[in-house]
Ligand code: BGC
């Protein structure tokens, strides 16, 4: 019987008792901390989900036991995405934690809306066997370890509490023990061969013992305060307490300023307060995917604070080796950490604290006006002299460094040359990140006090060792956009050069630009559809963001839509004399136009629509594929997500989340990360990875914060560009995403980002431009949101203007998955968006294209041109 027939045959009469449907074996992988469904609802993290056969009474919640142990957290919810069936989510995390075992779930006393009580049901749950490291993957996994380690940021180290002295017992506290997160939720999820968490790492280290009683206690999966006898016992074993604070984060849902998300939960606060009273030393590990409020450091006199992020499959050993000093921390913050309400974008970001949480598919249309303009992250705090918790670029290590400028030369035709000497002035070895910022002269144009223009990580320097670092900073990395001139330029005046190891760098010199220097003249594109006040240094108080224009609108469509300029297709449409196959074009790429010109409208439409139900539900778990055309030897091309590993059913490498890769500030390492994921993708039959994702960290509550790189366009652009370079170097295609201004998940398909042309060019597009300078990607993915009057997916000025004509992008453009829920397919094709995803294998979507060509609503030449970009790109990879 098919699943469909089975569902139809379920007895749902008034007197029929409800029961739980189970389709085959139930497997629970306790290393997959959040599971697939957290993306739909944060409550589902760590749960096994079942469906009831009937509509259930949510006031009559029954009970669940795991091998006789009662489960505390049970959720009964009706879910639209599950065909409006009632789901029972049972939080088994902590209770199910042994490899290769069968557990029995006893479920009883749930009642349906007709008043029938279910018969008790026993369901067997299996856990997978333990997987051990294999020699053949050693090289790849050593990169995963290294980047996890180099991405760890040491934020506090009072009285040199770290590294931990050896031969002590480790007291771990908090639900983070069983919720040690190593990856993001959604597209940034990893599916690694195995995982080593912090407990695994401590157990493998003979120099330390673990207080196992605390581990047992935290099977409750909550941040509970242990009973006094456990605390007394712990204190006797060691006067140091390590508390893990953990947060899930990822696609689909933004975080909020509720307690337990941006702020500590009541339980965390109580626990931390008690730990600081009880123990002499308290160290907090932030196993979080986004910055949270760290006011607790002062409040409770926390001595050590470590931001570990999501460290990937070897996140545990990387963290442990850092805490014990086997390796020194060398990560730096990619974001300014500040109190949320001090961040100017907080005025214009949908924060669901106390109001309805909106997810990606919410129906409300939202406007998000970027009143903070170019003052994102440190560009605001540094320029306006506002206090922060931890500045951009900041991170401690176990030694100290002196960074000295040796020589500074400015050549007005080439740029800035800077020679720097770094000396390890401390006792231990370590790496330092040298950061160069410049301050532009303040003439007419609003400008931040300084911007990052270069950074380099040293090699591991022994005590007293020195290293020379040479920077050649081209003018293009310093230029800023001037909307009055519609040009990227350096305005005449004195430029200040700053050197250091965070944004509070020291002024080391200056150079003069004699006259206004235009580096690139451009056309005005994507200008904002409404006027609004931009934050300005001239009137900081009057211009400070008010948030009045942002929020849910009453409209049932994107408001402020504005027409875009149209670009004529360059495609000639001339048919070849003889039939050409894919192989012919592969051998001779000059033939692409001829090859494409021979396709019928139906074939062109087929190539324009991805052929998958999407999101890994089919095949090997790919997100989609290019459907081959019969008769032309046309190959299929599978695509999968993969910021941190290949996101398909087969297990593979599990790298840290991008923000952690980015915190390493190690470009070569980021390149290695891309290369390793590329090699693994290749061996799994995936020629195109939907990564890197690197939208600007505009606001810390963005659900996708861990997947993205930085608040700074230069830093993010470089780190993401090098990742792409590594991946493309092994012949695997990348898709840089999500173009553009995709800065929140709430109602993401109905969210309209409104920003100045300057913010686009100096921040939000700049990051793409810089990454593409390092590596032209095979493809670009547009975003779900609209930007300045047009959905990004159907924005001809974005795709054909900025991307193709200005930057010279020569790959193909694809939509984000199901963008067609809110944007007409034909509009996207007209704008030059080639590949509509995830599509289907039937005619649902292709017919829209065919009809449009046939009724004259779509220029065939545009369709052909779009497809030719796809073919030109494909032949390089398959
Ligand atoms: C995400 C993309 C991802 C795609 C395919 C979408 O929901 O926004 O980043 O590549 O799904 O899985």
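Residue numbers (my numbering): -4 to 873. From the three backbone atoms N, C-alpha and C, an ideal C-beta is built for every residue, glycine too.
| field | Cβ-Cβ separation, residue 726 to residue 872 (assumed contact under 8 Å), whole Å | value | Sequence index remark: in the chain shown, residue 872 carries index 877 (1-based). Sequence index remark: in the chain shown, residue 726 carries index 731 (1-based). A Cβ-Cβ separation of about 6 Å places residue 872 in contact with residue 726 under the 8 Å criterion.
| said: My parser needs the alpha helix (DSSP H) runs of 4 or more residues fully inside the segment 126 to 171; what are they? | reply: If one requires a minimum length of 4 residues, the alpha helix (DSSP H) runs lying completely within the segment 126 to 171 are 133 to 145, in chain order.
| said: Is the separation between the beta-carbon of residue 538 and that of residue 363 shorter than 7 Å? | reply: The count along the chain shown starts at 1 and reaches residue 538 at position 543. The count along the chain shown starts at 1 and reaches residue 363 at position 368. In this structure, residue 538 sits away from residue 363, with a CB-CB distance that is not shorter than 7 Å.
| said: With the cut-off set at 7 Å, would you say residue 782 and residue 748 are in Cβ contact? | reply: Taking the chain shown and counting its residues from 1, the one referred to as residue 782 is at position 787. Taking the chain shown and counting its residues from 1, the one referred to as residue 748 is at position 753. Yes. Within cutoff.
| query | Using the beta-carbon count (16 or more within 10 Å), is residue 448 buried or exposed? | reply | Along the chain shown, one-based indexing puts residue 448 at 453. Per the 10 Å Cβ criterion, buried.
| task | For residue 26, name the three-state secondary structure that DSSP assigns. | result | Locating residue 26 in the chain shown gives position 31, where the first residue counts as 1. Reduced to three states, the DSSP call for residue 26 is coil.
| request: With a cut-off of 8 Å on the beta carbons, I'd call residue 220 and residue 166 a contact; round off their distance for me. | output: Position 225 of the chain shown, counting from 1, holds the residue named residue 220. Position 171 of the chain shown, counting from 1, holds the residue named residue 166. With a Cβ gap of about 14 Å, residue 220 and residue 166 do not count as contacting.
| request: Report yes if the C-beta of residue 36 is less than 6 Å from at least one heavy atom of the ligand BGC; otherwise report no. | output: Start at 1 with the first residue of the chain shown, and residue 36 comes out as number 41. Result no, Cβ not under 6 Å from the ligand BGC.
| task | Determine contact between the segment 618 to 626 and the segment 646 to 660, defined as no fewer than three beta-carbon pairs at a distance below 8 Å. | result | Contact fails: fewer than three Cβ-Cβ distances are below 8 Å.
| message | What residue range does the beta strand (DSSP E) around residue 397 cover? | response | On the chain shown, residue 397 is found 402 positions in, with the first residue counted as 1. Run containing residue 397: 396 to 406, per the beta strand (DSSP E) assignment.
| Among the residues of its own chain, which have a CB less than 7 Å from the CB of residue 589, if the five just before and after it don't count? | As a working note, residue 589 is residue 594 in the chain shown. Closer than 7 Å at the Cβ level, and outside the excluded window around residue 589, lie 571 and 575.
| said: Going by DSSP in three states, residue 388 sits in which element: helix, strand or coil? | reply: Counting from 1 along the chain shown, the entry for residue 388 is found at position 393. In this structure, residue 388 counts as coil in the three-state DSSP scheme.
| Sorry if obvious, but does the Cβ on residue 182 come closer than 6 Å to a heavy atom of the ligand BGC? | Indexing the chain shown from 1 puts residue 182 at position 187. Yes - the ligand BGC has a heavy atom lying nearer than 6 Å to the Cβ of residue 182.
| query | Over what stretch of residues does the beta strand (DSSP E) that includes residue 748 continue unbroken? | reply | In the chain shown, counting from the first residue as 1, residue 748 sits at position 753. In the DSSP annotation of this structure, the continuous segment of the beta strand (DSSP E) that includes residue 748 starts and ends at 746 to 749.
| query | With respect to the beta strand (DSSP E) encompassing residue 888, which residues constitute its N-terminal and C-terminal limits? | reply | Past the boundaries of the shown model lies residue 888; the chain is included only from -4 to 873, so the question cannot be answered.
| Is residue 636 near the ligand BGC, in the sense that its beta carbon is under 6 Å from a heavy atom of that ligand? | As a working note, residue 636 is residue 641 in the chain shown. Yes, Cβ of residue 636 sits closer than 6 Å to a heavy atom of the ligand BGC.
| task | Assign residue 788 to buried or exposed, taking buried as 16 or more other Cβ atoms, counted over all protein chains shown, within 10 Å of its Cβ. | result | Along the chain shown, one-based indexing puts residue 788 at 793. Buried is the call here.
| query | So, helix, strand or coil for residue 814, using DSSP? | reply | Taking the chain shown and counting its residues from 1, the one referred to as residue 814 is at position 819. It is helical.
| query | Should residue 245 be labelled buried (16 or more other beta-carbon atoms within 10 Å of its own) or exposed? | reply | What you label residue 245 is simply residue 250 of the chain shown in a count that begins at 1. Label assigned to residue 245: buried.
| request: Report the partner residues of residue 635 according to the DSSP bridge assignment. | output: Indexing the chain shown from 1 puts residue 635 at position 640. The partner list for residue 635 (beta bridge, DSSP) reads 684.
| In whole angstroms, what is the alpha-carbon distance linking residue 218 and residue 66? | As a position in the chain shown, residue 218 is number 223, starting the count at 1. As a position in the chain shown, residue 66 is number 71, starting the count at 1. Computed Cα separation, rounded: 16 Å.
| task | Quick one: give me the first and last residue of the beta strand (DSSP E) that residue 355 is part of. | result | Numbered from its first residue, the chain shown carries residue 355 at position 360. Premise fails: residue 355 is in no beta strand (DSSP E) and is neither H nor E.
| CB of residue 811 to nearest heavy atom of the ligand BGC: below 6 Å? | Taking the chain shown and counting its residues from 1, one reaches residue 811 at position 816. Yes; taking the cut-off as 6 Å, the Cβ of residue 811 has a heavy atom of the ligand BGC nearer than that.
| If we ignore side chains and look at the alpha-carbon of each, how far apart do residue 649 and residue 308 end up? | Looking up residue 649 in the chain shown gives position 654. Looking up residue 308 in the chain shown gives position 313. In a straight line, the C-alpha of residue 649 is about 5 Å away from that of residue 308.
| request: Give the single residue among 260, 151 and 859 whose Cα lies nearest to the Cα of residue 598. | output: Taking the chain shown and counting its residues from 1, one reaches residue 598 at position 603. Residue 859 is the option with its Cα nearest to residue 598.
| query | Just how far apart, CA to CA, sit residue 225 and residue 263? | reply | Within the chain shown, residue 225 is the residue found at index 230, counting from 1. Within the chain shown, residue 263 is the residue found at index 268, counting from 1. When rounded, the distance between both Cα atoms is 17 Å.
| query | Where residue 707 and residue 121 are concerned, what is the direct C-alpha to C-alpha distance, given to the nearest angstrom? | reply | Within the chain shown, numbered from 1, the residue matching residue 707 stands at position 712. Within the chain shown, numbered from 1, the residue matching residue 121 stands at position 126. So the two alpha carbons sit approximately 45 Å from each other.
| Could you give the distance in angstroms between the alpha-carbon of residue 72 and the alpha-carbon of residue 82? | Position 77 of the chain shown, counting from 1, holds the residue named residue 72. Position 87 of the chain shown, counting from 1, holds the residue named residue 82. Here the C-alpha atom of residue 72 lies approximately 5 Å from the C-alpha atom of residue 82.
| field | beta-carbon residue 874 near the ligand BGC non-hydrogen atom, thresh 6 Å | value | Nothing can be reported for residue 874, as the shown portion of the chain is limited to -4 through 873.
| query | Between the C-alpha atoms of residue 409 and residue 158, what's the straight-line distance to the nearest angstrom? | reply | Here residue 409 refers to the residue found at position 414 of the chain shown. Here residue 158 refers to the residue found at position 163 of the chain shown. Cα to Cα, residue 409 sits roughly 45 Å from residue 158.
| What is the residue span of the alpha helix (DSSP H) that residue 708 lies within? | Along the chain shown, read from residue 1 onward, the residue named residue 708 stands at position 713. Taken as a continuous stretch (DSSP letters only), the alpha helix (DSSP H) holding residue 708 covers 708 to 724.
| query | Taking three-plus beta-carbon pairs below 8 Å as touching, is the segment 433 to 448 in contact with the segment 695 to 709? | reply | yes
| Between 671, 441 and 16, which lies nearest to residue 378 when the distance is taken from Cα to Cα? | Against the chain shown, residue 378 aligns to sequence position 383. Among 671, 441 and 16, the Cα nearest to that of residue 378 is on 441.
| task | Specify whether the segment 557 to 566 and the segment 803 to 811 touch according to this definition: at least 3 beta carbon pairs, one from each stretch, less than 8 Å apart. | result | no
| Is it true that the CB of residue 418 sits closer than 7 Å to the CB of residue 395? | Within the chain shown, residue 395 is the residue found at index 400, counting from 1. Within the chain shown, residue 418 is the residue found at index 423, counting from 1. It is not a contact, given that the beta carbons lie outside the stated cut-off.
| said: Give me, in chain order, the residues of the same chain whose beta-carbon lies closer than 6 Å to that of residue 57; leave out the 5 immediate sequence neighbours on both sides. | reply: For the purposes of this step, residue 57 is taken as the residue at position 62 of the chain shown. Only 103, 104 and 105 meet the Cβ criterion.
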